[in-house]
Amino acid sequence: MKPAKFDFKAPDTLAAVVDALAEYGEESRILAGGQSLVPLMNLRMLQPEVLISINNCPDLSYIREAEGDITIGAAARQWDVETHSAVRKHLPLLAQALGYVGGRSNRNRGTVCGSLAHSDTLAELPVAAVVLDAGMIVNGPRGRRTVPSSEFFLGPLETCVEPDEILEAVTFPKCRAGTFGQFAELGIRNHGFAVSGVGVAIHFDDKGTCETVRIAAMGGHEVAQRQFPVEAFLTGRVLDARISAEAGRLLADTVDMASDIHADSDYRAGLAGTLLTRSLAEIAAARSAAVAAGEEL
2 MKPAKFDFKA
12 PDTLAAVVDA
22 LAEYGEESRI
32 LAGGQSLVPL
42 MNLRMLQPEV
52 LISINNCPDL
62 SYIREAEGDI
72 TIGAAARQWD
82 VETHSAVRKH
92 LPLLAQALGY
102 VGGRSNRNRG
112 TVCGSLAHSD
122 TLAELPVAAV
132 VLDAGMIVNG
142 PRGRRTVPSS
152 EFFLGPLETC
162 VEPDEILEAV
172 TFPKCRAGTF
182 GQFAELGIRN
192 HGFAVSGVGV
202 AIHFDDKGTC
212 ETVRIAAMGG
222 HEVAQRQFPV
232 EAFLTGRVLD
242 ARISAEAGRL
252 LADTVDMASD
262 IHADSDYRAG
272 LAGTLLTRSL
282 AEIAAARSAA
292 VAAGEEL
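Using this note's numbering, the first residue of the sequence shown is number 2, and each one after it goes up by one.
This is the structure we're talking about:
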């Protein structure tokens, strides 16, 4: 199928993008990488009257490292973010999650902010954003505001971004020393949607106790679901094989998963538990290796 008729605008500054959004509002959609938007338009599930392309807007194509965070602009490509040295050093979980997004050709065009704004229950980047406590920078005619990732995703394909606003950028706090993370998912085919997945970040104290734990799962009814019961279970404990297995079983018992033609909710929940157990084992091994190497934690 082909998309319905639309007008095409290509502003070359952020201010012009905001002006176009103010003019066209609900009649428009932002076009960045188009990896989610264009298929929906081809199926005519979306029929915007105006496409506002940000691909000629250098104001939005950046990866900026500051002392305590890294900010990614709306037009920054996923592959550029995944391979960026500062991201790999300070946000390895984000780089790991990006490696699961589609194929290389998808990541060459797709944008981090575009995936976040799409708000899919089986998307990797919302999980990474929630686990890493990202801040979403939203801009529009009423000004700029920063929304915590925990408040950004309202449901499947729904965020707090208004029709006349744009997700201008996302800011990730750098992981502090002593923090280790993992992202894991499993799908039914390469480059396809995942069946289930988890992201976990743990900050350890100097004795190896889990001090701060953030876990989110994908594959449920909601987007990037925080797993508070499992986080509470792990907090204050030392990771070992038994604790990791118990945490996985607890996740399988408590996570809210969806059923579809690819997998039912019980299978997804059990898979999420297994992925969490494996991820915790990887985190424990990574911390042990860091301690043995004398790294500052």
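Cβ coordinates follow ideal geometry from the N, Cα and C atoms, glycine included.
- Distances from the CA of D241 to each of V199, R146, A67, R288 were compared; the closest alpha carbon is that of R288.
- With fewer than 16 other Cβ atoms inside 10 Å of its own Cβ, R145 counts as exposed.
- According to the DSSP assignment, T172 belongs to the beta strand (DSSP E) that extends over 167–174.
- Classified as exposed, P142 has fewer than 16 neighbouring CB atoms from the shown chains inside 10 Å of its CB.
- Contact check for V256 and A218: beta-carbon distance about 5 angstroms, within the 8 angstroms limit, so the pair qualifies.
- Taking one beta carbon from each stretch, the region 53–71 and the region 11–23 have 3 or more pairs nearer than 8 angstroms; the two touch.
- Non-local beta-carbon contacts of P127 in its own chain, meaning distances under 7 angstroms to residues more than five positions away in sequence, involve L117, S120, F154, V224, A225 in chain order.
- Excluding residues up to 5 positions away in sequence, I53, I55, I167 lie with their Cβ nearer than 7 angstroms to the Cβ of I31 in the same chain.
- V292 counts as exposed, since fewer than 16 other beta carbons sit within 10 angstroms of its beta carbon.
- In this structure the region 272–279 lies against the region 247–255, because at least three pairs of beta carbons, one per stretch, are closer than 8 angstroms.
- Its chain contains F194, A195, M219, G220 as the residues whose beta carbon lies nearer than 7 angstroms to that of L123, once the 5 sequence neighbours on both sides are disregarded; these appear in chain order.
- In this structure, A259 places its C-beta atom within 8 angstroms of the C-beta atom of H222.
- By the criterion of a C-beta distance shorter than 7 angstroms, L95 is surrounded in its chain by V88, A129, L133, F173, once the five residues flanking it on both sides are discounted.
- Secondary-structure assignment with DSSP links S197 through a beta bridge to L187.
- Taking C-beta atoms under 8 angstroms as the contact rule, E83 and L61 fail to qualify, at a distance of about 18 angstroms.
- In the three-state scheme derived from DSSP, where H, G and I count as helix and E and B as strand, T255 is classed as helix.
- Counting along the chain, K90 sits inside the alpha helix (DSSP H) bounded by residues 86–91.
- Residue pairing by DSSP puts K10 in a beta bridge opposite I53.
- Assigned with DSSP and collapsed to three states, C58 falls in coil, not helix or strand.
- Within the same chain, and ignoring the five residues on either side of V19 in sequence, the residues whose Cβ sits closer than 8 angstroms to its Cβ are N140, G141, P142, I167.
- Straight-line spacing of the CA atoms in E296 and N107 works out to 36 angstroms.
- As summarised for the region 215–267, there are no continuous beta strand (DSSP E) elements at least 3 residues long confined to that stretch.
- Of the candidates H192, I203, D261, the residue whose Cα lies closest to the Cα of F234 is I203.
- In this structure, the beta-carbon distance from K175 to L272 does not fall below 8 angstroms.
- If you compare the alpha carbons of L298, I64, S29, S37 with that of Q48, the shortest gap goes to S29.
- The three-state secondary structure of T122, taken from DSSP, is coil.
- Membership of P149 in the beta strand (DSSP E) is indicated by the continuous run 144–149.
- Rounded to whole angstroms, Q79 and N109 show a C-alpha spacing of 6 angstroms.
- Excluding the 5 residues flanking it on each side, A75 has same chain C-beta neighbours closer than 7 angstroms at A33, I55, L61, T112, C114, I167, L168, E169, A170, in chain order.
- Per DSSP, V18 is one residue of the alpha helix (DSSP H) stretching across 15–25.
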